[in-house]
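Chains as they are written, first to last, in our numbering: chain A, 2 to 303; chain B, -14 to 295; chain C, 7 to 541.
To start, the structure itself, in structure tokens.
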Amino acid sequence: MKAEIFKKVDFQLDMSYDIGRSSTTYWQDVWRRLNKNKLSILGLIIISFVIIAAIVGPFFTPYSYSDQNLQIANQSPSTVHWFGTDNLGRDLLTRVLYGARISLSIGVVASLSTMIIGVLYGGIAGLFGGRVDTIMMRIVDIVWSIPFLLYVILLMVVLQPGLMNIFIALTLVYWMPMARLVRGQILSLRELEYVMAAKLAGASSWRIITKHLIPNSLGPILITATLTIPEAIFSEAFLSYIGLGVSAPMASWGVLASEGASSLRSYPFQLFFPAAAICITMLSFNFIGDGLRDALDPRMRK
Amino acid sequence: MLQYVSKRILSMVLVIYIVITATFLLMHSIPGGPFTTEKQLTPEVLRNINARYHLDDPLWKQYTDYMGNILRFDLGPSFKYQDRTVNNIIADGFPVSVQLGTFAVLLAVTVGISAGIFAALRHNRTLDYMIMSASTLGISIPSFILASFLIYFFAFKIKLFPAAMWNGFSYMILPGISLAALPMAVVARLTRSGMLEVLSQDFIRTARAKGVGKRAIVYRHALKNSLIPVVTYVGPMAAGILTGSFVVESIFNIPGLGRHFVTSIYNRDYTVILGITIFYSALIIIFNFLVDVAYVLLDPRISLEKKGDN
Amino acid sequence: MSLKKLCSLLLAITMLSAFVIGCSSTASKVGVDKPLRFGQLAEPETLDPRLATGQPEMQFLLQMYEGLTTYDANNNAVPAAAEKWDVSQDGLTYTFHIRKEAKWSNGDPITAEDFEYAWKTLLSPELGSRYAEMLFYVKNGEAYNSGKAKAEDVGVKAIDNNTLEVTLQEPTPYFPQLTACYSYFPVHKKTVEADPNWASDPKTMVTNGPFTLTNWVHNEKAEFVKNENYWDSSKVKSKKLEFAIVENNTTRVSLFENDQVDITLNPPPSEIERLIKEKEVTIEPLLATYYYDFNVNKAPFDNPKVRKAFTLAIDRDAIVSKVTRASQKPAAAFVPIGLPDMELGSDFRKAGGHFYKDNDIETAKKLLAEAGYPDGKGLPPITLLYNTHEGHKAIAEAIQEMWKKNLGVQVELENQEWKVFIKSRAAGDYQVARDGWTGDFPDPLTFLSLLTSNNGNNNSHWKNSQFDQLIKQAKSTSDLAARIKVMHDAEKLLMDEMPVMPIYYYTVDYMIKPNVKGLVHTVTDYIYFKEAYVE
Chain A
2 MKAEIFKKVD FQLDMSYDIG RSSTTYWQDV WRRLNKNKLS ILGLIIISFV
52 IIAAIVGPFF TPYSYSDQNL QIANQSPSTV HWFGTDNLGR DLLTRVLYGA
102 RISLSIGVVA SLSTMIIGVL YGGIAGLFGG RVDTIMMRIV DIVWSIPFLL
152 YVILLMVVLQ PGLMNIFIAL TLVYWMPMAR LVRGQILSLR ELEYVMAAKL
202 AGASSWRIIT KHLIPNSLGP ILITATLTIP EAIFSEAFLS YIGLGVSAPM
252 ASWGVLASEG ASSLRSYPFQ LFFPAAAICI TMLSFNFIGD GLRDALDPRM
302 RK
Chain B
-14 MLQYVSKRIL SMVLVIYIVI TATFLLMHSI PGGPFTTEKQ LTPEVLRNIN
36 ARYHLDDPLW KQYTDYMGNI LRFDLGPSFK YQDRTVNNII ADGFPVSVQL
86 GTFAVLLAVT VGISAGIFAA LRHNRTLDYM IMSASTLGIS IPSFILASFL
136 IYFFAFKIKL FPAAMWNGFS YMILPGISLA ALPMAVVARL TRSGMLEVLS
186 QDFIRTARAK GVGKRAIVYR HALKNSLIPV VTYVGPMAAG ILTGSFVVES
236 IFNIPGLGRH FVTSIYNRDY TVILGITIFY SALIIIFNFL VDVAYVLLDP
286 RISLEKKGDN
Chain C
7 MSLKKLCSLL LAITMLSAFV IGCSSTASKV GVDKPLRFGQ LAEPETLDPR
57 LATGQPEMQF LLQMYEGLTT YDANNNAVPA AAEKWDVSQD GLTYTFHIRK
107 EAKWSNGDPI TAEDFEYAWK TLLSPELGSR YAEMLFYVKN GEAYNSGKAK
157 AEDVGVKAID NNTLEVTLQE PTPYFPQLTA CYSYFPVHKK TVEADPNWAS
207 DPKTMVTNGP FTLTNWVHNE KAEFVKNENY WDSSKVKSKK LEFAIVENNT
257 TRVSLFENDQ VDITLNPPPS EIERLIKEKE VTIEPLLATY YYDFNVNKAP
307 FDNPKVRKAF TLAIDRDAIV SKVTRASQKP AAAFVPIGLP DMELGSDFRK
357 AGGHFYKDND IETAKKLLAE AGYPDGKGLP PITLLYNTHE GHKAIAEAIQ
407 EMWKKNLGVQ VELENQEWKV FIKSRAAGDY QVARDGWTGD FPDPLTFLSL
457 LTSNNGNNNS HWKNSQFDQL IKQAKSTSDL AARIKVMHDA EKLLMDEMPV
507 MPIYYYTVDY MIKPNVKGLV HTVTDYIYFK EAYVE
């Protein structure tokens, strides 16, 4: 090769930046990857729709969720009543919309409160380690070994069925998995090399907590919190089926579904609509949760 | 190893003891007793009954008597079912729940793992999406709704299976599916994500590079490691299913322990509640222990002491 | 083979065998000796007649045992184990003559001693029977049970093997009907004395009724066969009886419609309309009243005018036709239809008439204004308490709506779990509470004595000495006409004061396959399978 073919190029510092890609923050990256997942976007859209319907929907129907009209009880879906009527002549569409408010709020409140309690409890256990950790986790073990149902029923029996008390009952039972998760996260993160390195480099405990431990645990925490919402809605449906749901005439989806289940053969639509509502909402939350999980996994960076 | 096992057993006994005490106190503190009935019992009758069952003893004495009996494996008489003891009730109900539960767990595990493997191998292609959507559906339908629909379609519309009762294998199918749907879905997802994670690791790449066949890779190298999260899940899940699902047992009229548990709470049948709670707790604790042992067998890198804290 | 292949194979085998077995077991049992299959509502607590308290036990015991008398379809007491009985002039002594051919299932003859033994042990404090009060009609029964008398003092004696002499505490003209109740059934003395657990295993039970129990799978099913030693076994047509024990009412309907049972009861209210249309359900009156208690010790229901106003302001017709929809009858009094009056064949309720008009909004409003709360203004907050149950919820919601529309009063609803509810109601911890009462025996007293001052089941805690007096008279008079008149007076007083708000008279929804014949059931919900069979 003759030397003339090659042309000398000046080394320019700025050019090296063009080769790499644009820098993003961690969360921008997560959002970007979440967006790519079609199912989770679908989930987000559906949930937004459900939330809007829950908040605004009832204003648009000419019926209230408690107006009874015994003459038109158990009518199939029609142009006047899109979802039909229930056994007391109440419009089912309106009740499903109101049910959305109650079920969603149960889900969100249960999720938020378990997140707060769980993170605090697990965080403390993980951080302090040693004796404190062992005792705290033993307590969780004991509480966890008693069947869930016993708690819930005992609680509901003592506190009486009602919206407030369902919140309390569910929170009291669901904080444990979150606590365990957070504690496990913190414990394993503490041992990681880069944390040790940071410690050696002289970083303060506070800096380690805020800059390393919490941001890296947020992922699983968020996923668990998101997935607690459908679990709470599920549990509430189950409680309603055994008769411990909210008081009449308020109705959550669980109550509507359990009422519908007993008239399945006579009026199948009375089960179909609330069941579909539960199903679609849970599906969407699960899609979002899945998407979050994929998006937050550093190994899937592409 | 021995030290670990004995430490675990000690802590299990301690946990069960606390569980018993807590449940005992909890139950005696809620309103209504086993003899709170709609047609009020006359005072004389009530006195006689309380005497017969020692409910007029001071609470601490009832407690110590009860604990003494437990050491002799005597869980006491049922207050509501006057001819039966708690031991009888558990002996009648548990085998039924085990039969149904085992069927459901096997169904969930075989179908779930297979589906998870298929999905992982066809990652991000149509089959993957289909399986993932089906599994998400499985997590999204409450069991009583699923059971109602199954009966409606497969016992009522198309008379393929009986609608309820417990008289043979065909009576197990619909309740089994109702119970297995959710765990099946979760197992599928866990297997899939576990597989995906393992398949992307270096040692797999090495094996591929060495020319090892795809099937061998999947079954011999990848599967064992990806099953750890599945095992973590299956342990407590099996314990939960074996202790009987109230909803499924009630809809299909299966004489299992789950149904008994819930009705005994409504009946305030103290001894039955306590007895079944102790039984369940022991089961859950033992299952957790077995799960930890399974970990070690599946992944020799995991040492028991570290895992033991979890 | 590979794991994948193994899994697929397992699945295939599972599905295939399920299909095969499923097909064969749903094929019906064709043949002459078809078992009669009944969908029973709940697991019995016990099968010892002395300890039984309720419906689930009764369904079993009525087929397995037989008392001195039994009911016919019109609730009359007819001879059963006793072929006849004599009553003394003062109505206090009954002499029952037991059939010589009556035998136990093991061939032993039934003796008067078996009855004496059963009744005395039932009353004994040591046995702790929960239904001992059923035998308090017998002289010194209550005293013995509370430890104030000895077993020898109790008024029942076996004069000889076939003669039983009973002395009563007070003249009780309906005593022969009482002896048809399961608490008065005999037990086989030798068996009971030999084994305290005799009633827990079909193999050790010795019974005297049309059927014997052969198999009992708790909470699931029970199987009976015809008792060849029963004295009237020629009338028993079914060779086999099968009970499916099913608590879930939707499941009972499934079983019926899937041909897994021939008879069952009480489908969920939401299904009744469809079942009526498809002619699968027949509705029979039940001797029971559904009502609400007013707590007469708490404002505003301490004022009878307020109580009456609330009672009149609901549309019972709408409730029974649209909410409960099982042909219940709206109640305008407390004692339901189906009880005898002075003349043979007359009905107490018909003779007593209605005490108010249904849905009388005008009068209701007037009364409320007179009480000082015009248009509902000034009333303290009111809560309606009921126990957690679909049916009660639906009725409560409807009534809440009616009070709002008709009186302008917003009543809150509260539901409690069953046992918590019973406690609250018994303790008077409520303002309005849901209640119901089923007659124990076919006499108006079974309803009216409920509201006496010291009756433990008087949940409204209403105390009226005049009413107590009238009831006492009714209990101790043996002259039929005089009794009935006094009871009518008592009911009138009750309805004037209105401590309870009657809503409707119950019905029972029977689902009976058209090929079932010979079933006998009474208005007190006694079901006899003795002569029933499947064609």
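Where a beta carbon is used, it is the ideal one built from N, C-alpha and C, also for glycine.
Note that the structure is predicted; figures quoted are calculated from it, not measured.
Contact with chain B by residue i, beta-carbon distance below 9 Å
| i | result |
| --- | --- |
| methionine 251 of chain A | no |
| isoleucine 230 of chain A | no |
| glycine 255 of chain A | yes |
| valine 529 of chain C | no |
| leucine 297 of chain A | no |
Contact set for residue i: own chain, Cβ-Cβ below 7 Å, skip 5 residues either direction
| i | result |
| --- | --- |
| histidine 13 of chain B | Leu44 |
| isoleucine 367 of chain C | Ala319 and Asn412 |
| isoleucine 230 of chain A | Gly108, Val109, Ser112 and Phe286 |
| glycine 477 of chain C | Just to set this straight, residue 477 of chain C is isoleucine in the shown sequence, not glycine. If we look at isoleucine 477 of chain C and ignore the five residues flanking it on each side, its Cβ neighbours are Leu454, Ser455, Thr458 and Ala496. |
Cβ-Cβ distance between residue i and residue j below 9 Å
| i | j | result |
| --- | --- | --- |
| leucine 265 of chain A | threonine 256 of chain C | yes |
| asparagine 33 of chain B | proline 131 of chain C | yes |
| aspartate 238 of chain C | lysine 536 of chain C | yes |
| asparagine 80 of chain C | threonine 528 of chain C | yes |
| serine 263 of chain A | glutamate 396 of chain C | yes |
| leucine 159 of chain B | glycine 123 of chain B | no |
| leucine 182 of chain A | glycine 123 of chain A | yes |
| alanine 252 of chain A | alanine 111 of chain A | no |
| valine 133 of chain A | tyrosine 152 of chain A | no |
| arginine 355 of chain C | proline 336 of chain C | no |
| valine 233 of chain B | phenylalanine 129 of chain B | yes |
| alanine 100 of chain B | threonine 217 of chain B | no |
| valine 94 of chain B | valine 219 of chain B | yes |
| leucine 98 of chain A | proline 59 of chain A | yes |
Own chain, CB closer than 8 Å to residue i, minus 5 neighbours either side, in chain order
| i | result |
| --- | --- |
| asparagine 146 of chain C | Ala155, Asp159, Val160, Gly161 and Gln175 |
Within-9 Å CB hit, residue i to chain C
| i | result |
| --- | --- |
| tyrosine 251 of chain B | yes |
| leucine 212 of chain B | no |
| leucine 128 of chain A | no |
Chain-order list of residues whose beta-carbon lies under 6 Å from that of residue i (same chain, five-residue window excluded)
| i | result |
| --- | --- |
| arginine 69 of chain B | Ser63 |
Outcome for residue i when other beta-carbon atoms lying within 10 angstroms are tallied against a minimum of 16
| i | result |
| --- | --- |
| glycine 28 of chain C | Any reading at glycine 28 of chain C must be qualified, since the residue scores a pLDDT of 43, below 50, and its modelled position is unreliable; the value itself is stated next. Buried is the call here. |
| proline 127 of chain B | buried |
| threonine 52 of chain C | buried |
| arginine 205 of chain B | exposed |
Any C-beta of chain A under 9 Å from that of residue i
| i | result |
| --- | --- |
| isoleucine 102 of chain B | no |
| valine 267 of chain C | no |
| leucine 227 of chain B | no |
| threonine 543 of chain C | Absent from the structure is residue 543 of chain C, since the part of chain C shown begins at 7 and ends at 541. |
| arginine 280 of chain C | yes |
| lysine 328 of chain C | yes |
| glutamate 277 of chain C | yes |
| alanine 87 of chain C | no |
| leucine 122 of chain B | yes |
Open item on the list: Taking contact to mean 3 or more Cβ pairs, one atom from each stretch, closer than 8 Å, check whether the segment 99 to 112 of chain C and the segment 81 to 89 of chain C are in contact.
Closed with: The segment 99 to 112 of chain C makes contact with the segment 81 to 89 of chain C, as at least three CB pairs between them are under 8 Å.
Task: the segment 55 to 71 of chain A / the segment 84 to 92 of chain A touching (three or more Cβ pairs under 8 Å) - done: Touching, per the Cβ criterion.
Task: Three CB pairs or more closer than 8 Å across the segment 164 to 174 of chain C and the segment 467 to 478 of chain C - done: Verdict: no, contact absent.
TODO: Answer yes if the segment 491 to 507 of chain C comes into contact with the segment 282 to 293 of chain C, meaning at least three C-beta pairs across the two stretches below 8 Å, and no otherwise.
DONE: Cβ pair count under 8 Å is below three, so no.
TODO: Decide yes or no for the touch test of the segment 255 to 273 of chain C against the segment 453 to 468 of chain C: beta carbon pairs closer than 8 Å, at least 3 of them.
DONE: At 8 Å Cβ cutoff, the stretches do not touch.
Task: Cβ contact check for the segment 303 to 311 of chain C and the segment 348 to 358 of chain C: 3 or more pairs under 8 Å - done: The segment 303 to 311 of chain C, when compared against the segment 348 to 358 of chain C, does not touch it at the 8 Å Cβ threshold.
Open item on the list: Three or more C-beta pairs under 8 Å: does that hold for the segment 139 to 150 of chain A against the segment 259 to 266 of chain B?
Closed with: Segments in contact, yes.
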